[in-house]
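For reference, the structure discussed in these notes is given below.
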């Protein structure tokens, strides 16, 4: 089986130390995490990790089982790039003088969908969102113009077929082990169930 | 945040478990007392522990609970957790440990890893420096939560006393439910001394992100039964899941109806009585000949509560490739982890086995059983006969076990350490009831035996507990003789002394051209050592003394240490050499 890029989406409790518990599942198996993002989800009090790795499907499937086994993880699933809509955000800091002299700013903005976030006398910060190739292209254009600083965010992804966490959860329960989805009654009532 | 897909908040919330208690039951308690109140609520009757600076407030509170909670002062924190493991294994309850911060906590790590890999329910409470000192490299501060994360089922740091009842309830629930495992709760000193309004203790029965057991899916049960009913050469391999699920009777009913031969993993040992006609022996590297060879000949392999450890499977790409596999396990992560299953049967085998029993046909498979008997005969002639009835001058470990079986009738709890004696004891010890075999299987922790035997005795006070330990492993935790001396746990210590680190020596002999690199280990005079701890003992090296010495050990009122010198360079056979398939098992 060939390795390819997989995006793992993990729904978790918001708990200190959980990121370590997740990270060591990867490091123990010597799997490099290409990108990791954590954010709130559509359900209050439930966090969502988006993790990108390069692996075979078998490894990813086993990893997701190990992830779900953790007490504070509700659900983990994996998707190929075709199954998700994903974006990364990038920021570019360049000298304002250079830009003003050598490049038509408007053209740059149009061509790469870039947006000026800050324009100061000494430097300008552009921002783009897109996929890896798109954000990389702008680096190529700006590099000869004295790119002072570049940073790219982790991937955030939406699963194309999902109908949100609740629906996806039910769907998983049909083919995966698990109790009936009765637990969902608790999902929006964190304070009323046993939880810390 | 979009809320369109979320369940709308209901007007009538589910029954609130955190309902306020009437004021009359609210009382002021310290965090430390709340820990001990939680223990009482969870029916804890014994704690294995060792005090220290950061856990002193809890020990101070314990002074008031002396009549309700027994505390066994061990000699090293590793001893505490192994004792708690031994207690859990024989009693089926959760073992409880106290240790202080820093070195006290780090000394638990081996035991946590052991309990994690062998699915033993343990709750450890560690003291921690004051919350305001966290991260300042304070005296005896160590980041125990991060150190223990990979070796705990769950861990949590408490920095406020009000969290204690809920944290402990969750700890006990998680440790014992589903696939059991160790839980560590780290409590900062300020939380231990802090007073708060204690509103009583509510047992935890639900954690929303935690599903202890998967729902049983009947369609898979039906498919599994179909495969089993079609099978001409079905074979059962079972592990500790049968014991952890208290499913011994359900298991017996299943094999007796289906008539399928059953072999056990190291940790499944004692779930099925040794003399049960369908018990065909042990799996794995030093297991029996038939079960290993016929794994690669059966047509349906039914794995029950076991995880296809590499010591069981040998070379994986040549493991049971001809067979269709039915795998029953409570932990979904175990299904397809090492061996791909044809039919996965998720669930607690206490629930799945009766469903399966109902659907399987009553059969006896006489010809198939005969194959196991034939292989056993070969093994008997090549290995077992000489191991149990040696003609050599030096004693064998096997004959010691044979003598022990005759005296205990298979009723004793056998605790083993790790190494050759462990394999010999597992192969030859007789068991008449479940929860009688306590050993460190997955982690292979030398030094496990003595402290685990102490705990095993507290877990099964009415039973004879024999700790079979090698001369190497005994020296790793022999300080726990002090615990026996002080608290009187009646443990029969049987040291099988071959004056070598025998298992490593055996490998060096077979695979490293007899280059015996640092396996020659000397020992103190164990009997004199025991005497220093006021434990009676004896040491023998002649066969003629064996039975009398064993009898004296068992009849003695109190703990006893018997050292038996066995052949220096005896090997454990059969053996599946590393990197070989189970069917390439060697008889010599």
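Residue numbers (the numbering used here), protein chains in the order written: chain A, 1289 to 1484; chain B, 1320 to 1907. Note that CB positions come from ideal geometry on N, CA and C, so glycine has one too. Keep in mind that this is a model prediction, so the values were computed, not measured.
Worksheet item: Going by C-alpha distance, which of A:1360, A:1431, A:1349 is nearest residue 1474 (chain B)?
Response: For the purposes of this step, residue 1474 (chain B) is taken as residue 155 along the second chain, with counting starting at 1. Comparing Cα positions, the closest option is A:1360.
Practice prompt. Kindly list the residues whose CB is nearer than 8 Å to the CB of residue 1828 (chain B), restricted to its own chain and excluding five residues on each side of it in sequence; keep chain order.
Written response: Stepping through the second chain from its first residue, residue 1828 (chain B) is reached at position 509. Excluding residues within five positions, the ones whose Cβ falls inside 8 Å are 1835, 1888, 1890.
Discussion item. Check for me: the alpha helix (DSSP H) holding residue 1389 (chain A) runs from which residue to which?
Written reply: Position 101 of the first chain holds residue 1389 (chain A). Counting along the chain, the alpha helix (DSSP H) containing residue 1389 (chain A) begins and ends at 1384 to 1390.
Worksheet item: What in chain A is Cβ-close to residue 1890 (chain B), meaning under 8 Å?
Response: Here residue 1890 (chain B) is taken as the residue at index 571 of the second chain, counted from 1. Neighbours of residue 1890 (chain B) on chain A: none; closest Cβ ~34 Å, over 8 Å.
Worksheet item: First and last residue of the beta strand (DSSP E) that includes residue 1813 (chain B)?
Response: In the second chain, the residue the question calls residue 1813 (chain B) occupies position 494. Residue 1813 (chain B) -> beta strand (DSSP E) spans 1810 to 1816.
Item to complete: State the CB to CB distance for the pair residue 1754 (chain B) and residue 1411 (chain B), rounded to an integer number of angstroms; the pair is presumed to be in contact (CB under 8 Å).
Response: For the purposes of this step, residue 1754 (chain B) is taken as residue 435 along the second chain, with counting starting at 1. For the purposes of this step, residue 1411 (chain B) is taken as residue 92 along the second chain, with counting starting at 1. With a Cβ gap of about 6 Å, residue 1754 (chain B) and residue 1411 (chain B) count as contacting.
Worksheet entry | Under 8 Å by beta carbon: chain A residues contacting residue 1516 (chain B) | Indexing the second chain from 1 puts residue 1516 (chain B) at position 197. What residue 1516 (chain B) touches in chain A: nothing, since even the nearest Cβ is about 18 Å away.
Fill in: Contacting residues, own chain, Cβ-Cβ under 6 Å from residue 1900 (chain B) (five flanking each side not counted)
Against the second chain, residue 1900 (chain B) aligns to sequence position 581. Correct list, in chain order: 1633, 1634, 1637.
Worksheet entry | Rounded C-alpha distance that separates residue 1374 (chain B) from residue 1384 (chain B) | Along the second chain, read from residue 1 onward, the residue named residue 1374 (chain B) stands at position 55. Along the second chain, read from residue 1 onward, the residue named residue 1384 (chain B) stands at position 65. Rounded to whole angstroms, residue 1374 (chain B) to residue 1384 (chain B) spans 16 Å at the Cα level.
Worksheet item: Taking the alpha-carbon positions, what's the residue 1400 (chain B) to residue 1726 (chain B) distance?
Response: Here residue 1400 (chain B) refers to the residue found at position 81 when the second chain is read from its first residue. Here residue 1726 (chain B) refers to the residue found at position 407 when the second chain is read from its first residue. In a straight line, the C-alpha of residue 1400 (chain B) is about 31 Å away from that of residue 1726 (chain B).
Discussion item. Would residue 1852 (chain B) pass as an interface residue toward chain A - the criterion being a Cβ-Cβ separation below 7 Å?
Written reply: As a first step, residue 1852 (chain B) is located in the second chain; it is residue number 533 there, counting from the start. Taking Cβ atoms only, chain A never reaches closer than 7 Å to residue 1852 (chain B), which makes this a no.
Discussion item. For residue 1794 (chain B), which residues in the same chain have their Cβ closer than 7 Å to its Cβ, ignoring the five residues on either side in sequence?
Written reply: Along the second chain, one-based indexing puts residue 1794 (chain B) at 475. Only 1842 meet the Cβ criterion.
Discussion item. Along the segment 1445 to 1473 of chain B, where does the CB come closer than 8 Å to a CB of chain A? Name the residues.
Written reply: 1464, 1465, 1468, 1469, 1472, 1473
Worksheet entry | Cβ distance (whole Å) where residue 1448 (chain A) is taken to contact residue 1341 (chain A) below 8 Å | By one-based count along the first chain, residue 1448 (chain A) stands at place 160. By one-based count along the first chain, residue 1341 (chain A) stands at place 53. 20 Å between Cβ atoms; not a contact.
Discussion item. Please state whether the Cβ-Cβ distance between residue 1591 (chain B) and residue 1580 (chain B) is less than 7 Å.
Written reply: For the purposes of this step, residue 1591 (chain B) is taken as residue 272 along the second chain, with counting starting at 1. For the purposes of this step, residue 1580 (chain B) is taken as residue 261 along the second chain, with counting starting at 1. No; because the gap between Cβ atoms is not below 7 Å, this pair is not in contact.
Worksheet item: What is the rounded straight-line gap between the Cα of residue 1816 (chain B) and the Cα of residue 1824 (chain B)?
Response: The residue labelled residue 1816 (chain B) in the question sits at position 497 within the second chain. The residue labelled residue 1824 (chain B) in the question sits at position 505 within the second chain. Computed Cα separation, rounded: 14 Å.
Discussion item. If you reduce the DSSP assignment to three classes, tell me which class residue 1376 (chain A) lands in.
Written reply: Taking the first chain and counting its residues from 1, one reaches residue 1376 (chain A) at position 88. Looking at residue 1376 (chain A) - three-state DSSP - the assignment turns out to be strand.
Discussion item. Output needed in chain order: residues of the segment 1354 to 1366 of chain A with a Cβ under 7 Å from some Cβ in chain B.
Written reply: 1354, 1357, 1359, 1360, 1361, 1362
Worksheet item: Mind checking whether residue 1528 (chain B) and residue 1362 (chain A) have CB atoms under 7 Å apart?
Response: Taking the first residue of the second chain as position 1, residue 1528 (chain B) is located at position 209. Taking the first residue of the first chain as position 1, residue 1362 (chain A) is located at position 74. Their beta carbons are under 7 Å apart, which means residue 1528 (chain B) touches residue 1362 (chain A) by this criterion.
Worksheet item: How many angstroms separate the CA atom of residue 1461 (chain A) from the CA atom of residue 1657 (chain B)?
Response: Indexing the first chain from 1 puts residue 1461 (chain A) at position 173. Indexing the second chain from 1 puts residue 1657 (chain B) at position 338. Note on residue 1461 (chain A): pLDDT 47, under 50, position unreliable in the model; the coordinate value appears next. Approximately 23 Å between the Cα atoms of the pair.
Discussion item. Please classify residue 1367 (chain A) as buried or exposed, where buried requires at least 16 neighbouring CB atoms within 10 angstroms.
Written reply: Taking the first residue of the first chain as 1, we reach residue 1367 (chain A) at position 79. By the neighbour-count rule (16 or more Cβ atoms within 10 Å), residue 1367 (chain A) is buried.
Item to complete: Express the C-alpha separation of residue 1395 (chain B) and residue 1806 (chain B) in angstroms, rounding to a whole number.
Response: Taking the first residue of the second chain as 1, we reach residue 1806 (chain B) at position 487. Taking the first residue of the second chain as 1, we reach residue 1395 (chain B) at position 76. Rounded to the nearest angstrom, the two C-alpha atoms are 15 Å apart.
Fill in: Simplified DSSP assignment, three categories, for residue 1503 (chain B)
One-based indexing of the second chain puts residue 1503 (chain B) at position 184. Reduced to three states, the DSSP call for residue 1503 (chain B) is strand.
Worksheet item: Alpha carbon to alpha carbon, how far is residue 1844 (chain B) from residue 1820 (chain B)?
Response: Here residue 1844 (chain B) refers to the residue found at position 525 when the second chain is read from its first residue. Here residue 1820 (chain B) refers to the residue found at position 501 when the second chain is read from its first residue. Whole-angstrom Cα-Cα distance: 17 Å.
Worksheet item: So, is the C-beta of residue 1652 (chain B) closer than 7 Å to a C-beta in chain A?
Response: Here residue 1652 (chain B) refers to the residue found at position 333 of the second chain. Closer than 7 Å to some Cβ of chain A, the Cβ of residue 1652 (chain B) qualifies, so yes.
Discussion item. From the DSSP secondary-structure annotation, give me the bridge partner or partners of residue 1327 (chain A).
Written reply: On the first chain, residue 1327 (chain A) is found 39 positions in, with the first residue counted as 1. DSSP, once it has assigned bridges, lists A:1336 as partnering residue 1327 (chain A).
Practice prompt. For residue 1312 (chain A), go through chain B and note every residue whose CB falls closer than 7 Å to its CB, in chain order.
Written response: Position 24 of the first chain holds residue 1312 (chain A). Ordered by position in chain B, the residues that pass the 7 Å Cβ test against residue 1312 (chain A) are 1468, 1469.
Fill in: Within chain A, the residues that residue 1528 (chain B) reaches when beta carbons sit closer than 8 Å
The count along the second chain starts at 1 and reaches residue 1528 (chain B) at position 209. Those within 8 Å of residue 1528 (chain B) in chain A are 1300, 1301, 1359, 1360, 1361, 1362.
Worksheet item: Ordered along the chain, which non-local residues of its own chain (more than five positions away) have a Cβ less than 6 Å from that of residue 1681 (chain B)?
Response: Position 362 of the second chain, counting from 1, holds the residue named residue 1681 (chain B). So the list reads 1576, once near-sequence residues are dropped.
Practice prompt. Give a yes or no on whether the minimum CB-CB distance between residue 1462 (chain A) and chain B is below 7 Å.
Written response: What you label residue 1462 (chain A) is simply residue 174 of the first chain in a count that begins at 1. Low confidence applies to residue 1462 (chain A): its pLDDT is 48, below 50, so where it sits in the model is not reliable enough to give any reading.
Discussion item. In chain order, what are the residue ranges of uninterrupted beta strand (DSSP E) at least 3 long that sit wholly in the segment 1575 to 1627 of chain B?
Written reply: 1581 to 1583, 1598 to 1601, 1619 to 1623
Practice prompt. Measure the beta-carbon distance from residue 1433 (chain A) to residue 1386 (chain A) and round it to whole angstroms, keeping in mind my assumption that it falls under 8 Å.
Written response: As a working note, residue 1433 (chain A) is residue 145 in the first chain. As a working note, residue 1386 (chain A) is residue 98 in the first chain. Yes, residue 1433 (chain A) and residue 1386 (chain A) are in contact; Cβ-Cβ is about 5 Å, under 8 Å.
Fill in: Contacting residues, own chain, Cβ-Cβ under 6 Å from residue 1463 (chain A) (five flanking each side not counted)
As a first step, residue 1463 (chain A) is located in the first chain; it is residue number 175 there, counting from the start. Residue placement at residue 1463 (chain A) cannot be trusted, given a pLDDT of 43 that sits under 50; the coordinates are not used to answer.
Discussion item. Tell me the rounded alpha-carbon separation between residue 1308 (chain A) and residue 1468 (chain B).
Written reply: By one-based count along the first chain, residue 1308 (chain A) stands at place 20. By one-based count along the second chain, residue 1468 (chain B) stands at place 149. Cα to Cα, the separation comes out at about 8 Å.
Item to complete: From the DSSP output, in three-state form, read off residue 1461 (chain A) for me.
Response: Here residue 1461 (chain A) corresponds to residue number 173 of the first chain, with the count starting at 1. Note that residue 1461 (chain A) has pLDDT 47, beneath the 50 cutoff, so the model's placement of it is unreliable and the number below is only indicative. Residue state, collapsed to three classes: helix.
Worksheet item: Secondary structure at residue 1385 (chain B), three-state DSSP: helix, strand or coil?
Response: The residue labelled residue 1385 (chain B) in the question sits at position 66 within the second chain. Residue state, collapsed to three classes: coil.
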